[in-house]
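Numbering (this note's numbering), first residue to last: 56 to 204.
Every residue, glycine too, gets a C-beta built ideally from N, C-alpha and C.
Nothing here was measured: the structure is a model prediction, and the numbers come from that model.
A short write-up of the structure that comes next.
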Amino acid sequence: MELHEIERDAAVVREFLFAGDAQVVLESLKTGTRYAYRVKRPEGTEGCYRRGHWDDRRFVTFLLEGARPLYVGALYRTMGSWTFLNLSTASAYPAASPEVRGFDHLLLLLKFHEVSRKMKIYNVGLCGRCGQSLAEEEYRAGLHSECLP
Ligand SMILES: [Zn+2]
Numbered sequence: 056m057e058l059h060e061i062e063r064d065a066a067v068v069r070e071f072l073f074a075g076d077a078q079v080v081l082e083s084l085k086t087g088t089r090y091a092y093r094v095k096r097p098e099g100t101e102g103c104y105r106r107g108h109w110d111d112r113r114f115v116t117f118l119l120e121g122a123r124p125l126y127v128g129a130l131y132r133t134m135g136s137w138t139f140l141n142l143s144t145a146s147a148y149p150a151a152s153p154e155v156r157g158f159d160h161l162l163l164l165l166k167f168h169e170v171s172r173k174m175k176i177y178n179v180g181l182c183g184r185c186g187q188s189l190a191e192e193e194y195r196a197g198l199h200s201e202c203l204p
């Protein structure tokens with residue numbers, strides 16, 4: 056897998072992660088284990104109201120080499136800030152699993168405008184918004200310059 060480290064800046068990581076279709080790999084510096092996720096906006100929800108609220112959701116799936124992705128949970132944006140993972144009966148991983156805890160740890164520190172020192176964060180060479188290939192000078196942001204908000 057082609058991995059490119061994202062700039063260690065909370066604003067850059069946040070923009071990439073929530074851009075709409077981000078494939079992100081978290082690597083534990085302690086164990087060297089890599090966890091691959093896709094953070095995707097559901098089709099047709101951009102700029103729509105649902106039950107009287109601005110609908111901004113992301114579905115998080117866990118990507119396994121050579122297997123179909125497994126559903127992890129949903130993220131919601133309320134009052135401008137993102138929630139932690141919301142698990143449901145469809146979630147393939149329990150709350151205590153490293154797949155859930157690692158991702159929530161990243162989200163927790165982002166809330167404090169920090170990037171976890173326990174992990175490296177990579178993109179897979181694809182833009183976090185449109186999913187198309189990135190040019191080398193765009194690897195640090197994980198987004199095309201024209202796909203930045
Ligand atoms: Zn793009």
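Here residue 171 is buried, its C-beta having at least 16 other C-beta atoms within 10 Å. Residue pairing from DSSP places residue 83 in a beta bridge opposite 174.
The beta carbons of residue 165 and residue 94 sit about 12 Å from each other, so the pair does not count as a contact at 8 Å.
For residue 145 and residue 178, the gap between their C-alpha atoms comes out near 26 Å. Shortest Cα-Cα distance from residue 112 to any of 129, 202, 181 and 173 involves 129. For residue 83 and residue 61, the gap between their C-alpha atoms comes out near 15 Å. Remark: the C-beta of residue 96 is outside contact range of ligand 1, defined as less than 7 Å to any heavy atom.
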